[in-house]
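The block underneath contains the structure these notes are about, expressed in structure tokens.
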Amino acid sequence: MFTTVRYFIKTSIAFLVLGILTGLYMSYTKYITKTGYSIEILTAHTHIILVGSVMMMIMGV
Numbered sequence: 309m310f311t312t313v314r315y316f317i318k319t320s321i322a323f324l325v326l327g328i329l330t331g332l333y334m335s336y337t338k339y340i341t342k343t344g345y346s347i348e349i350l351t352a353h354t355h356i357i358l359v360g361s362v363m364m365m366i367m368g369v
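Residue numbers (my numbering): 309 to 369.
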């Protein structure tokens with residue numbers, strides 16, 4: 309496997325973990341603290357998962 313392919317896959321996994329943590333934060337603020345989350349967090353979460361994780365995995369594989 310080429311070095312750049314490994315970097316794309318590792319970056320994809322890092323973005324996936326970051327997206328999952330962002331989603332957990334959104335769930336925490338909505339259901340535990342009952343304050344809700346801002347639309348900017350939702351936009352960032354969607355962008356991290358779709359562009360970060362999925363596109364990096366497509367480029368790597």
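Ideal Cβ placement from N, Cα and C applies to all residues, glycine included.
Output needed for residue i: all residues of its chain with C-beta closer than 6 Å, excluding positions within five of it in sequence on either side, in chain order.
{"i": "Gly360", "result": "Phe323"}
{"i": "Ile357", "result": "Gly327"}
{"i": "Thr337", "result": "Thr343, Tyr345"}
If you drop the 5 nearest sequence neighbours on each side, which residues of the same chain put their C-beta closer than 8 Å to that of residue i?
{"i": "Ile366", "result": "none"}
{"i": "Thr354", "result": "none"}
Here's the rule I'm using: 16 or more other beta-carbon atoms within 10 Å means buried, otherwise exposed. How should residue i be labelled?
{"i": "Ser320", "result": "buried"}
{"i": "Thr258", "result": "Residue 258 is absent from the structure shown; the chain starts at 309 and stops at 369."}
{"i": "Thr312", "result": "exposed"}
Strictly under 7 Å for the Cβ-Cβ distance: is residue i near chain C by that measure?
{"i": "Lys342", "result": "No chain C is present in this structure, which holds just one protein chain."}
Which same chain residues, not among the five before or five after residue i, have their C-beta less than 7 Å away from its C-beta?
{"i": "Met364", "result": "Phe316, Thr319, Ser320, Phe323"}
Notebook entry, point to check: What alpha helix (DSSP H) runs, 4 residues minimum, are completely inside the segment 318 to 362?
Noted result: 347 to 355, all fully within the segment 318 to 362.
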